[in-house]
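Before any comments, here is the structure.
In full-length UniProt numbering, the protein residues as written are 1 to 366.
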């Protein structure tokens, strides 16, 4: 089974329909502790894989419908789904399958109902779990955050794709944080993204590649979609305040512009101006040591706020290529709404009703 990858290749819906035989005969292939679940006799149902670039991790959940032996009064194959064992999931149609998850079994639920058949529900997390265990107190001198991210990836046996963060920080300290928490906080402070796909750690600039992986059209191949524009969380400016101990003076970083997610023009800042909202300022008091750090943090916070301007969710026929961390283009919903949106979460669901992919999107311009 191939490793999971974050492919940025663009596809047309028609090409995927051809590849997957018009999306007939949805299929899941699961490996538990290295063994093909189907070949061992397991009946796998209700497969669910969730991918995310938010604060949580990629997860996989599946049900083994025939694990309980009523004659022996015992569960079979327990060595295959033991805690800590590996789990890999491929999804697709007929014999055209794509790996969508690889990780470790973190929970096993044995369900024995009053009526009906006992089942086992297996849950797995991606390699992020390695970075979540344990907390450290650590300091670095004259180090780039990007170099630290690469170092952490290597320590956990992961490859990495890391965008250079530029400036070396004179003194960077972390206090009683896991590697996951530390990189997450650093990503937020730099307006970067941090997440793991398969065995690769990503620490990259936000919106580095805005090319949509696919275009979905309402009333054609997009089953359903909802979109919300919401101004309530927007601000016109972010100011970061800090005290420079060495020079005994205040540092003030400011940000009034964002990195736009698509070709639309109006940001939350622009919309607030129509309300006379030039004074909607968010003040942040932070521990930064230079003017550059203060400006970077201000911009990162403003960009984070801006992503609450546009949110949406939709559903399409199961597409293994669709996952969090990519852009998709939505069409057929209106001239002002047709645009590329960033996928913050994509969930693949294969059960008795078929195979669908549900997704959540974000944007910062209207």
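Glycine included, C-beta positions come from ideal geometry on N, C-alpha and C.
How many whole angstroms separate the CB atoms of residue i and residue j, which I take to be in contact at a CB cut-off of 8 Å?
i	j	result
residue 350	residue 158	27 Å between Cβ atoms; not a contact.
residue 222	residue 314	6 Å
residue 287	residue 255	So it is not a contact: roughly 18 Å between Cβ atoms.
residue 81	residue 20	Not confirmed; about 28 Å, so no contact.
residue 45	residue 77	That pair is no contact at about 15 Å.
residue 188	residue 304	7 Å
residue 138	residue 114	Between residue 114 and residue 138 the Cβ distance is about 52 Å, and since that is not below 8 Å, they are no contact.
residue 37	residue 47	Going by Cβ atoms, the distance from residue 37 to residue 47 rounds to 10 Å, so no, they are not a contact pair.
residue 308	residue 233	4 Å
residue 218	residue 84	Not really, about 44 Å apart at Cβ, beyond 8 Å.
Which residues in the same chain as residue i place their Cβ atom closer than 8 Å to its Cβ, once the five residues preceding and following it in sequence are excluded?
i	result
residue 328	212, 213, 214, 215, 216, 322, 340, 341, 343, 359, 361
residue 164	144, 146
residue 265	365
Using only CA atoms, which one of the options lies nearest to residue i?
i	options	result
residue 237	149, 228, 280, 200	280
residue 124	179, 155, 52, 62	62
residue 106	140, 144, 89, 59	59
residue 55	95, 85, 181	181
residue 229	20, 8, 28, 363	363
residue 99	27, 247, 302	27
residue 292	252, 273, 112	252
residue 257	276, 244, 299	299
residue 104	149, 87, 220	87
residue 6	134, 262, 197	197
residue 208	227, 353, 220, 191	191
residue 15	176, 326, 319, 35	319
residue 32	11, 65, 89	89
residue 140	22, 331, 172	172
residue 325	108, 204, 117, 24	204
residue 244	50, 176, 285	285
residue 283	301, 34, 290, 269	301
residue 10	152, 210, 23, 150	210
residue 249	64, 290, 116, 71	290
residue 149	116, 193, 122	193
Quick one: what's got a C-beta closer than 7 Å to residue i's C-beta in the same chain, skipping five residues either side?
i	result
residue 200	158, 159, 160, 161
residue 130	156
residue 75	67, 68, 110, 120
Note down, in chain order, each residue of its chain lying with its Cβ closer than 6 Å to the Cβ of residue i, except the 5 sequence neighbours on either side.
i	result
residue 195	53, 202
residue 271	231
residue 57	125, 126, 128
residue 185	none
residue 49	60, 89, 100, 101, 348
Along the chain, where does the beta strand (DSSP E) containing residue i start, and where does it finish?
i	result
residue 102	96-111
residue 237	237-244
residue 32	26-32
residue 287	From DSSP, residue 287 is part of no beta strand (DSSP E); its letter is neither H nor E.
residue 275	Taken as a continuous stretch (DSSP letters only), residue 275 belongs to no beta strand (DSSP E), as it is neither H nor E.
residue 52	44-52
residue 18	Segment 13-19 is the alpha helix (DSSP H) holding residue 18; no beta strand (DSSP E) there.
residue 266	No beta strand (DSSP E) holds residue 266; DSSP gives it neither H nor E.
residue 343	339-351
residue 254	249-255
residue 359	354-363
residue 259	No beta strand (DSSP E) contains residue 259, which DSSP labels as neither H nor E.
residue 63	59-64
residue 412	Residue 412 is absent from the model: the chain starts at 1 and stops at 366.
residue 137	136-143
Span of the alpha helix (DSSP H) holding residue i?
i	result
residue 302	291-306
residue 129	128-132
Beta strand (DSSP E) runs contained entirely in the segment 145-229, provided each spans 3 or more residues: The segment 145-229 contains these whole beta strand (DSSP E) runs: 159-162, 169-177, 192-197, 200-205, 212-217, 222-229.
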